[in-house]
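Input: a single structure, listed below in structure tokens.
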Amino acid sequence: KILEEVITSNIKADAIKKKIYIHTTFDETPKIAEVDKSYASQVFKNLLSNATKFSPPGKSIYVKIEENDGKLLTEIKDEGPGISKSDKDRLFTRFSTLSAKPTAGESSTGLGLSIVKQYTDMLNGKVWCESEEGNGASFFVEFQAKQN
């Protein structure tokens, strides 16, 4: 639900302007994580904003949520330039400007991913990235699922 709200209220308009298509894969049964809604929203907003910023027009972003072993795993995958090996080491560091540049002149402060890391840690979650330069990036966020 948090993820759907972020896409609808914060990301969709920017994606439409760039002709970027957002594909979502969510189970029919809503997944609930043990997290503060405002912090989790900011995590997803930053990751989706980056995926939109760094994707060329006409590409796609894929968003998927799975539940495994009491954890909710969210993947946000883009078709942007990917992340170089040297940039991966600095990915979640404050004010680090990476070699990849936004594709439509959008601004980048170098704070978004450091905030993602800080908030994910505060929520006892994990965040990581898998990427090959030239081949897009997948950001993963894992939170504890709420027990029924």
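Count along the sequence shown from 1, add 3, and you get the number used in this note's numbering.
Where is the CB? At the ideal position from N, CA and C, for every residue including glycine.
Quick check on residue i: does DSSP put it in helix, strand or coil?
i	result
Leu6	helix
Ser134	strand
Ile23	coil
Thr11	helix
Lys62	coil
Lys88	helix
Lys129	strand
Where do the N-terminal and C-terminal ends of the beta strand (DSSP E) with residue i fall, by residue?
i	result
Phe165	Here the chain comprises residues numbered 4 to 151, so residue 165 is not present and cannot be evaluated.
Bridge partners for residue i per DSSP, in chain order?
i	result
Glu78	Lys67 and Phe143
Thr96	Answer by DSSP bridge pairing: none, since Thr96 is not bridged.
Thr28	Lys67
Which residues mark the beginning and the end of the alpha helix (DSSP H) in which residue i is found?
i	result
Lys15	Lys15 to Lys20
Thr123	Gly115 to Met125
In angstroms, rounded to a whole number, what distance separates the CA positions of residue i and residue j?
i	j	result
Ile35	Lys149	6 Å
Gly61	Ala140	16 Å
Asn49	Asp72	26 Å
Glu82	Ile64	7 Å
Tyr24	Asn127	31 Å
Met125	Ile118	10 Å
Ser89	Trp131	15 Å
Thr77	Ser134	16 Å
Thr11	Ile5	10 Å
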